[in-house]
Structure formats: C-alpha cells, structure tokens
Amino acid sequence: MANTVNVRLQSMNKDLTFAAKSNSGHWTMIDSSEKAGGNEAGPTPSNYFLRHWADVREWIRFPSSKKKRTPFSRLDIFIEGKKREEHPKSFTDINLRFVLHSNGGDKALRDLKRAAELSYEKYCTVSNMLKSSATITYDMEIVDEE
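Residue numbering for the sequence shown follows my numbering, beginning at 1 and increasing consecutively.
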C-alpha cells in the first residue's frame, strides 16, 4: 500500500508567496524571485526540492547495528543542481558532497560511502525520482576532529 503525502499551499498575498504545510504539521515558506512575481520570502520550489534531497536519518544511520555505528560530531551535505536553460527548467546534473566530521578514518569513509549508496539506490525518494532524468554524482570527505 502506498503512503500518501498531503501538502497544502496557502497564498500569503496575491502573488507567488505561499505558506506550505504537509502531513508533518509544520509550515514553511515557498516563494519566487521578485522578477518572477514573488517576494523572495523563502526558497523557490526547485531550491526547496533540493533542500529535501536526503532523508538524513538514512545518511547518518550507517550500519544497522548500533555497536558498529561510526561516531561523528557533524555531517554537512552540500548540494549543487544545474538546470536546463529552457523550459521546462528541470535539473540535468546534481552533485552531493558529504563532509563527515569524525575521527573514524578509513572506516568512517567506508561507512559513509555505503550509506550514500544505500540511500541513492534504495531509500532516498528524491534521488530515485530523478536518477532517470538527471546525472547524479556524489563525493565525500572525512574531516578529522581535533
């Protein structure tokens, strides 16, 4: 049985500024540039889409056994998306860069690579929707903690 996600968009004025609310019950702003008729009061829909690229729980979960998890203090994910110049301005190339702050060395890097592979191939809704239409790449780095 499929899970249903419901999203409500409510215009804030008579322009392209919207408050959005999903099943989670949290409100967020979605907007457009002033040039496109918005107020720049929030991310554009495509920026918002990239912000929700990864289910972070899947990225940082690493091995399923708590005893084998790699300790870290922070995980940064940098996402760069390139879009077509003409309409529809869909994404053509997306790169994710993962920076894990950990003293786990090679093991941390292996665990992060495995987590990225699992998320890309199985868990991440966004990557699975886009991988047939965009080139998706990722790279990663471990930053030793002091």
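Backbone N, C-alpha and C define an ideal beta-carbon position, used for all residues, glycine too.
Only a predicted model underlies this, so the values are computations on that prediction, with no experimental measurement involved.
A direct Cα-Cα distance of roughly 25 Å separates H26 from E34. For the options E40, D139, N39, the alpha carbon positioned closest to that of I77 is the one of D139. Taking a C-beta distance under 8 Å as the contact criterion, A36 and L50 do not qualify as a contact pair. Residue pairing from DSSP leaves A115 without any beta-bridge partner. Bounds of the beta strand (DSSP E) holding S11 are 7-11. By the Cβ neighbour-count rule, T70 is buried, with 16 or more other Cβ atoms within 10 Å of its own. Selection E86, V7, F18 evaluated against P43 yields F18 as nearest (Cα-Cα).
For D76, the pairing in a beta bridge is given by DSSP as V99.
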